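My numbering runs 50 ahead of the 1-based position in the sequence shown. Virtual Cβ for every residue (Gly too), placed ideally from N, Cα, C. As the structure is a computational prediction, the values presented were derived from the model and not from experiment.
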Amino acid sequence: MRLPSLVYRVYERKLTRELIGAPIPHHVGVMLDGNRRWARKAGFTNPTEGHRAGAAHIVDLLEWCQESGIGMVTLWLLSTDNLRRPDQELQPLLEIITDVVEDLAAPDRVWKLRIVGALDLLPEPMSARLTAAATRTEHRRALQVNIAVGYGGRQEIVDAVKSMLEAGIKQGHGIQEVIDSLNVETIGEHLYTSGQPDPDLVIRTSGEQRLSGFLLWQSAHSEFWFCEAYWPDFRRVDFLRALRDYAARHRRYGE
51 MRLPSLVYRV YERKLTRELI GAPIPHHVGV MLDGNRRWAR KAGFTNPTEG HRAGAAHIVD
111 LLEWCQESGI GMVTLWLLST DNLRRPDQEL QPLLEIITDV VEDLAAPDRV WKLRIVGALD
171 LLPEPMSARL TAAATRTEHR RALQVNIAVG YGGRQEIVDA VKSMLEAGIK QGHGIQEVID
231 SLNVETIGEH LYTSGQPDPD LVIRTSGEQR LSGFLLWQSA HSEFWFCEAY WPDFRRVDFL
291 RALRDYAARH RRYGE
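#1: To the nearest angstrom, report how far apart residue 225 and residue 236 are at their CA atoms.
#2: For residue 298, which of helix, strand or coil comes out of DSSP?
#3: Within 10 Å of its beta-carbon, does residue 101 have 16 or more other beta-carbons around it, so buried, or fewer, so exposed?
#4: Let's see if you can read the secondary structure: which residues bound the alpha helix (DSSP H) around residue 198?
#5: With 16 as the cutoff for other CB atoms within 10 Å, does residue 67 come out buried or exposed?
#6: Enumerate, from N- to C-terminal direction, the unbroken alpha helix (DSSP H) stretches of 4 or more residues contained entirely within the stretch 139-210.
#7: Does the contact criterion of 3 or more C-beta pairs under 8 Å hold for the stretch 286-304 versus the stretch 147-160?
#8: Grab the span of the alpha helix (DSSP H) containing residue 258 for me, first residue to last.
#9: Could you give the DSSP three-state label for residue 121: helix, strand or coil?
#10: Thinking just about the alpha-carbon of each residue, which of 248, 168, 196, 194 is nearest to the one in residue 212?
#11: Helix or strand or just coil, what does DSSP make of residue 267?
#12: From residue 62 to residue 72, what distance separates their C-alpha atoms?
#13: Using C-beta distances below 7 Å, list every residue in its chain close to residue 215, excluding the 5 sequence neighbours before and after it, in chain order.
#14: Going by C-alpha distance, which of 185, 136, 195, 81 is nearest residue 128?
#15: Does the distance between the C-beta of residue 292 and the nearest non-hydrogen atom of the ligand COA fall short of 7 Å?
#16: Under the rule that 16 or more other beta-carbon atoms within 10 Å means buried, what is residue 93, buried or exposed?
#17: What do you reckon, are the CB atoms on residue 253 and residue 267 nearer than 8 Å?
#18: What are the start and end residues of the beta strand (DSSP E) that includes residue 275?
#19: Could you pull out every residue in the same chain whose Cβ sits closer than 7 Å to the Cβ of residue 148, ignoring the five residues on either side in sequence?
#20: Any idea what DSSP makes of residue 101, helix, strand or coil?
#21: Could you give the C-beta distance for residue 251 and residue 198, rounded to a whole number, given that I count them as a contact under 8 Å?
What follows is the structure in structure tokens.
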């Protein structure tokens with residue numbers, strides 16, 4: 051075994067021991083960022099190679115989450131801003147995302163999938179395949195995995211308010227009555243993640259330190275952890291360090 055590999059394994063075991071009995075987040079949101087920069091750094095001229103490498107790494111993350119006792123993960127795979135990318139990059143990316151979601155829904159997998167995002171912004175064949183894949187996992191009771199595709203936090207809030215207004219009008223309520231019922235709880239009931247707990251921890255790879263619209267509403271009290279590694283290079287050690295940092299924080303919820 052090479053020395054760097056040995057040191058890595060020793061450090062990984064140390065982190066694992068430190069987390070025994072520590073508070074673990076129930077819901078973790080992950081911004082899988084840096085695929086294109088990883089591709090350039092690796093010498094590829096086609097950013098699709100970075101997206102492929104990133105997609106192949108998702109199963110590793112879900113296995114780490116499951117081993118750590120985390121109950122829910124939200125993965126941001128495609129933002130509404132990403133939909134503006136040139137067709138020669140966007141079309142392969144959409145296919146890679148659809149393929150990886152179908153792989154996560156395969157019979158030999160154990161994860162329960164939920165698609166969160168504005169599916170109407172996606173090509174109809176893609177949205178149909180994503181929906182069908184998630185439907186095939188409805189009976190599963192293992193780790194809940196939210197797949198954020200065509201997702202933007204501002205768009206989600208707009209869609210939630212529209213949905214709430216439409217529901218009130220459909221029930222025969224007057225517009226003023228609907229407005230009077232508008233509050234944090236009722237908007238929350240119409241978010242893409244309705245019925246789910248907010249994320250305890252949000253991880254972003256690639257060195258960027260901003261939300262970029264990820265779970266804007268839900269992350270009001272989340273802890274954040276930023277990692278320099280590009281997503282395809284994100285290691286189990288990095289993941290364990292994020293959990294250790296989370297366990298050391300005192301969550302006050304504004305108190």
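The structure says:
#1: Position 175 of the sequence shown, counted from the start, is the residue given in the question as residue 225. Position 186 of the sequence shown, counted from the start, is the residue given in the question as residue 236. Near 15 Å, if we compare the C-alpha coordinates of residue 236 and residue 225.
#2: On the sequence shown, residue 298 is found 248 positions in, with the first residue counted as 1. In the structure shown, residue 298 sits in a helix (DSSP, three-state: H, G or I).
#3: Sequence index remark: in the sequence shown, residue 101 carries index 51 (1-based). Buried, by the Cβ-count rule.
#4: Here residue 198 is taken as the residue at index 148 of the sequence shown, counted from 1. Per DSSP, residue 198 belongs to no alpha helix (DSSP H); it is in the beta strand (DSSP E), 194-201.
#5: The sequence position of residue 67 within the sequence shown is 17, counting from 1. Under this definition residue 67 is an exposed residue.
#6: Runs found: 174-185.
#7: Put simply, the stretch 286-304 does not touch the stretch 147-160. Fewer than three CB pairs are less than 8 Å apart.
#8: The sequence position of residue 258 within the sequence shown is 208, counting from 1. Where residue 258 is concerned, there is no enclosing alpha helix (DSSP H), because DSSP gives it neither an H nor an E.
#9: Residue 121 sits at position 71 when you count from the first residue of the sequence shown. DSSP, read as helix, strand or coil, puts residue 121 in coil.
#10: Position 162 of the sequence shown, counting from 1, holds the residue named residue 212. Per the Cα distances, 168.
#11: Stepping through the sequence shown from its first residue, residue 267 is reached at position 217. Of the three classes helix, strand and coil, the one that applies to residue 267 here is coil, per DSSP.
#12: Sequence index remark: in the sequence shown, residue 62 carries index 12 (1-based). Sequence index remark: in the sequence shown, residue 72 carries index 22 (1-based). Between the alpha carbons of residue 62 and residue 72 lies a distance of about 16 Å.
#13: On the sequence shown, position 165 is the one that residue 215 refers to. Only residues of its own chain outside the window of five on either side were considered, and among them 228 have a CB closer than 7 Å to the CB of residue 215, listed in chain order.
#14: As a first step, residue 128 is located in the sequence shown; it is residue number 78 there, counting from the start. If we check each option's Cα against that of residue 128, 81 comes out closest.
#15: Of ligands this structure carries none, so the ligand COA is not represented either.
#16: Within the sequence shown, residue 93 is the residue found at index 43, counting from 1. Answer is exposed; the Cβ neighbour count stays below 16.
#17: Here residue 253 refers to the residue found at position 203 of the sequence shown. Here residue 267 refers to the residue found at position 217 of the sequence shown. No, the Cβ-Cβ distance between residue 253 and residue 267 is not below 8 Å.
#18: Taking the first residue of the sequence shown as position 1, residue 275 is located at position 225. Going by DSSP, residue 275 is part of the beta strand (DSSP E) stretching over 273-276.
#19: The count along the sequence shown starts at 1 and reaches residue 148 at position 98. Closer than 7 Å at the Cβ level, and outside the excluded window around residue 148, lie 176, 179, 180.
#20: The count along the sequence shown starts at 1 and reaches residue 101 at position 51. It is helical.
#21: Position 201 of the sequence shown, counting from 1, holds the residue named residue 251. Position 148 of the sequence shown, counting from 1, holds the residue named residue 198. Cβ atoms of residue 251 and residue 198 stay farther apart than 8 Å, at about 16 Å.
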